[in-house]
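Novice:
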Amino acid sequence: MKDVQNMYDPRNIDIDKVGVKNVKYPIIVLDKANGTQHTIADISMYVSLPRDYKGTHMSRFVEILHQHKNMINMKDFPIILSEMKERLNAESAHMEVRFPYFIRKDAPVSGTQGYLEYNCALIGHMDNSNSMKEFTVSVSVPITTLCPCSKEISDWGAHNQRGIVTVGVRFKRFFWIEDLIATIEDCSSCDIYSVLKRQDEKFVTEKAFQNPKFVEDVVRDVAEKLGNEPNITYFVIEAENFESIHNHSAYAFLERKNEGGNA
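When we follow the working numbering, the leftmost residue of the sequence shown carries the number 785, and every step to the right adds one.
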């Protein structure tokens, strides 16, 4: 049977990335509390395409994915990228794995059990040196913030809102996603919970009031913590507050290299 993809292309133009995008697939990831966790990922896999090939073999991407579905983690990422390069005769490979991750989070006073969802991503790139050129772990964490200005100028009360903090890091050694999530939550006015009883609601309301934060405070606090972590070599932080008294969001962003654990 004729292999059209391997036919010669006369236009003499390299393609940087070609492959499959937004493939929904069941995978297994590491879980600090339980060992592993089953989830559904949104996966994109690309390779470079030399100028003399008409196309890539799209089916091979999903074949490779299926072979590794039982464990996709930081350790196995370079193995998958290397196999993509080898099977598709490419000089570089790129993969993005985005998935919801659930952590059991008990209510702060009553202890009522619930699970909270965090959107995570593993993003890696391998060039022709056969080593990982870039690997980033990203997590989006829902938080509560209470406005310092509103608290300062009001006779009573202050406006508060839900926000989302997204942090991407590069690093030297393995770390747990749960630990990064805890670091981010520590920098909020108060954590988010999936279920709260009355005594819990009182607790989170008062905690937020005692710990007001602008989006600027949140990104700076997270940056300070990550900047003091010698395992982290790079980080990018963005915070968005879904303002309760405006029809727009408040937003802050920063990006730093962190060689030697000092941003």
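For glycine and all other residues, C-beta sits at the position ideal for the given N, C-alpha and C. Just so we're clear, the structure is a prediction, and the values are computed from it rather than from any experiment.
Applying the criterion that 16 or more other CB atoms from any shown protein chain within 10 Å of the CB defines a buried residue, is Lys808 buried or exposed?
Specialist: exposed
Novice: Roughly how many angstroms separate the alpha carbons of Arg844 and Gly952, rounded to a whole number?
Specialist: Using only the alpha carbons, I get a separation of about 29 Å.
Novice: Alpha carbon to alpha carbon, what distance is there between Ser978 and Gln994?
Specialist: 22 Å
Novice: Using beta-carbon positions only, say whether Met855 and Phe958 come within less than 9 Å of one another.
Specialist: no
Novice: Since Glu880 and Ile907 should fall inside the 8 Å C-beta cutoff, what is the C-beta to C-beta distance between them, to a whole number of angstroms?
Specialist: 5 Å
Novice: Using only alpha-carbon positions, find the residue among Glu985, Pro810, Glu1000 and Phe1019 that is nearest to Asp890.
Specialist: Closest option to Asp890, Cα to Cα, is Glu985.
Novice: Give every residue of the same chain whose Cβ lies closer than 6 Å to the Cβ of Cys974, excluding the five residues on either side of it in the sequence, and list them in chain order.
Specialist: Thr928, Val988, Lys991 and Ala992
Novice: Could you pull out every residue in the same chain whose Cβ sits closer than 7 Å to the Cβ of Gln945, ignoring the five residues on either side in sequence?
Specialist: Thr929, Asn1025, Phe1026, Glu1027 and Ser1028
Novice: Can you give the beta carbon distance from Pro810 to His822, rounded, assuming they're within the 8 Å contact cut?
Specialist: Rounded, the Cβ-Cβ distance is 7 Å, consistent with contact.
Novice: Keeping to the same chain, check which residues put their C-beta closer than 8 Å to that of Asp798; ignore five residues upstream and five downstream.
Specialist: Here the set comprises Ser832, Leu833, Pro834 and Arg835.
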